[in-house]
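K.L.:
Take a look at this one; I'll ask things after.
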Amino acid sequence: MSQVLHTPPPTTADTPQAAQATQATRSARAAETPARLAERYGLSVSGARPSLGAYVRQLWARRHFITAFATAKLTAQYSQAKLGQVWQIANPLLNAAVYYLIFGLLMGTKKGVPDYVPFLVTGVFVWTFTQSSIMAGTRAISGSLGLVRALHFPRASLPLSYCLQQLQQLLFSMAALVVILLAFGVPVAMSWLLIVPALTLQFVFNAGVAMVMARIGAKTPDISQLMPFVLRTWMYASGVMFSMDHILADRDMPAVVHLLLELNPAAVYIDLMRFALIDSFHAGQLPSHVWAIAAGWALVAGVGGFIYFWKAEETYGRG
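Count the sequence shown with the working numbering and you get residues 9 to 327, in order.
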């Protein structure tokens with residue numbers, strides 16, 4: 009018996025017209041941009057920058073992480089030292105002692121400054137808060153690349169956590185400062201309540217500058233090597249160890265220099281704390297409209313620094 013093999017009739021898919029249509033469809037899909045393909049299949053870019061309002065809401069939702077991270081970093085800071093957390097108070101006190109020896113005694117800057125030791129210690133503690141916040145912010149992204157690349161979270165959490173850590177450090181130091189004030193006869197006064205708004209404004213300012221430096225440091229890690237020299241120069245121009253009024257009294261300086269020194273944000277926050285804590289530091293030693301200046305710096309640095317950092321949100325940890 010023989011079998012006859014019949015060629016099946018051509019289907020629609022095998023016709024030349026269908027082949028041309030399939031090729032045209034493939035060419036059209038190949039010509040589509042990745043953005044159009046992502047839109048078609050409902051995909052979004054991983055780590056894309058959210059809107060400013062959404063970013064603020066994300067940060068607020070992670071407020072407990074920010075607080076816990078700051079506390080953990082503070083606790084671990086001296087975990088390997090035998091004296092442990094005692095160094096949180098000992099470090100700024102030793103700095104103040106060195107500055108007192110060099111500037112107060114050897115250079116004689118304590119002359120004409122009432123309550124010089126409280127004056128000096130207050131300046132050192134408040135300045136250290138700003139200095140440490142900015143230095144920590146400079147390394148916030150570049151020093152945490154493992155965390156940034158492993159987890160998805162608003163990156164501003166890192167510089168904010170480091171600034172909060174430095175605020176906690178300052179609050180520990182304030183306990184020693186109160187003891188020093190009382191030991192040198194500075195009475196407790198209602199003006200001490202001004203510490204709260206002064207520190208709040210300073211924290212906002214520090215956080216804003218830290219976020220600016222975090223973005224710069226993420227792209228240029230070498231900036232962390234330069235910042236100690238910049239901050240040291242800034243410290244000498246902020247009257248930490250001496251009274252700027254006494255230093256400038258006998259010098260014929262251009263008016264613009266006096267204005268810049270008066271508007272120096274670090275000096276403004278230091279003077280506010282001295283005015284709040286030391287009764288011999290009177291209102292006449294403060295620049296005009298000092299609270300407006302302090303609030304203005306906090307607003308400019310805080311809001312401007314936050315927006316500047318947010319604009320590069322999708323670039324952190326890449327490249």
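For glycine and all other residues, C-beta sits at the position ideal for the given N, C-alpha and C.
Give, in chain order, every unbroken run of the alpha helix (DSSP H) that is at least 4 residues long and sits entirely within the region 171 to 207.
P.N.:
Listed in chain order, there is nothing to give.
K.L.:
Tell me whether residue 154 sits in a helix, a strand or coil according to DSSP, three-state version.
P.N.:
Of the three classes helix, strand and coil, the one that applies to residue 154 here is helix, per DSSP.
K.L.:
With distances taken from CA atoms, which of 291, 281 and 302 is nearest residue 130?
P.N.:
The residue with the shortest Cα to Cα distance from residue 130 is 281.
K.L.:
Residue 249 and residue 117: beta carbons closer than 8 angstroms?
P.N.:
Contact: yes.
K.L.:
Measuring CB to CB, does residue 271 end up less than 8 angstroms from residue 215?
P.N.:
Going by C-beta atoms, residue 271 is not nearer than 8 angstroms to residue 215.
K.L.:
Between the Cα of residue 246 and the Cα atoms of 230, 211, 265 and 269, which residue gives the shortest distance?
P.N.:
For the residues 230, 211, 265 and 269, the minimum Cα distance to residue 246 belongs to 269.
K.L.:
Which one of 255, 222 and 256 has the shortest CA to CA distance from residue 321?
P.N.:
When only C-alpha atoms are compared, the closest one is 222.
K.L.:
Could you work out which residue in 159, 275 and 239 is closest to residue 218 when comparing CA atoms only?
P.N.:
Nearest of 159, 275 and 239 to residue 218, Cα basis: 239.
K.L.:
Determine the direct distance from the alpha carbon of residue 61 to that of residue 243, and round the result to whole angstroms.
P.N.:
About 36 angstroms.
K.L.:
According to DSSP, simplified to helix, strand and coil, what is residue 167?
P.N.:
Looking at residue 167 - three-state DSSP - the assignment turns out to be helix.
K.L.:
DSSP three-state call for residue 325: helix, strand or coil?
P.N.:
Residue state, collapsed to three classes: coil.
K.L.:
Is the CB-CB distance between residue 127 and residue 289 below 8 angstroms?
P.N.:
Cβ distance < 8 angstroms, so residue 127 and residue 289 count as in contact.
K.L.:
Looking at the structure shown, is residue 61 part of a helix, part of a strand, or coil, going by DSSP?
P.N.:
Note: residue 61 maps to helix in three-state DSSP.
K.L.:
What did DSSP end up calling residue 236 once you bin it into helix, strand or coil?
P.N.:
The answer is helix: DSSP assigns residue 236 an H, G or I state.
K.L.:
Within its chain, find whatever has a CB closer than 7 angstroms to the CB of residue 82; leave out the 5 residues flanking it on each side and keep chain order.
P.N.:
Counting only Cβ-Cβ distances below 7 angstroms, and skipping sequence neighbours, we find 173, 176 and 177.
K.L.:
Please look up how many angstroms separate the CB atoms of residue 63 and residue 195, rounded, as I've assumed it's under 8 angstroms.
P.N.:
The Cβ separation is near 46 angstroms, so there is no contact.
K.L.:
Is the separation between the beta-carbon of residue 74 and that of residue 146 shorter than 8 angstroms?
P.N.:
No, they are not a contact pair.
K.L.:
Could you pull out every residue in the same chain whose Cβ sits closer than 7 angstroms to the Cβ of residue 241, ignoring the five residues on either side in sequence?
P.N.:
Same-chain partners within the cutoff: there are none.
K.L.:
Excluding the five sequence neighbours on either side, which residues of its own chain have a C-beta within less than 8 angstroms of the C-beta of residue 315, listed in chain order?
P.N.:
The answer, listed in chain order, is 60.
K.L.:
At the level of alpha carbons, what is the spacing between residue 180 and residue 79?
P.N.:
Looking at the two C-alpha atoms, the distance is approximately 12 angstroms.
K.L.:
Between the alpha carbons of residue 291 and residue 200, how many angstroms are there, rounded?
P.N.:
Residue 291 and residue 200: Cα-Cα distance of roughly 14 angstroms.
K.L.:
Considering only C-alpha positions, which residue in the set 140, 136 and 152 is nearest to residue 326?
P.N.:
Comparing Cα-Cα distances from residue 326 to each of 140, 136 and 152, the minimum goes to 152.
K.L.:
Could you tell me whether the Cβ atoms of residue 134 and residue 277 are closer together than 8 angstroms?
P.N.:
Yes, they are a contact pair.
K.L.:
With 8 angstroms set as the bound, which would you pick, yes or no: does the beta-carbon of residue 254 sit closer than that to a beta-carbon of chain B?
P.N.:
Of the protein chains in this structure there is only one, and it is not chain B.
K.L.:
Under three-state DSSP, which class holds residue 245?
P.N.:
Looking at residue 245 - three-state DSSP - the assignment turns out to be coil, as it is neither helix nor strand.
K.L.:
In the DSSP assignment, find the unbroken alpha helix (DSSP H) run with residue 281 in it and report its ends.
P.N.:
Where residue 281 is concerned, the enclosing alpha helix (DSSP H) stretches over 273 to 285.
K.L.:
Is it buried or exposed for residue 255, if we count other Cβ within 10 angstroms and need 16 for buried?
P.N.:
Classification for residue 255: exposed.
K.L.:
For residue 130, which of helix, strand or coil comes out of DSSP?
P.N.:
Here residue 130 sits in helix by DSSP.
K.L.:
Using alpha carbons as the reference points, say which of 304, 109 and 120 lies closest to residue 257.
P.N.:
Nearest C-alpha to residue 257: 120.
K.L.:
I'd like the span of the alpha helix (DSSP H) that includes residue 314, first residue to last.
P.N.:
Its alpha helix (DSSP H) spans residues 298 to 318.
K.L.:
Residues in its own chain within less than 7 angstroms of residue 100 by CB, not counting five upstream and five downstream?
P.N.:
Same-chain partners within the cutoff: 132, 133, 136 and 181.
K.L.:
How far does the alpha helix (DSSP H) with residue 82 in it extend, from its first residue to its last?
P.N.:
Note, residue 82: alpha helix (DSSP H), 71 to 85.
K.L.:
Alpha carbons only, please: which of 114, 226, 206 and 97 is nearest the one belonging to residue 306?
P.N.:
The shortest C-alpha separation from residue 306 is found at 206.
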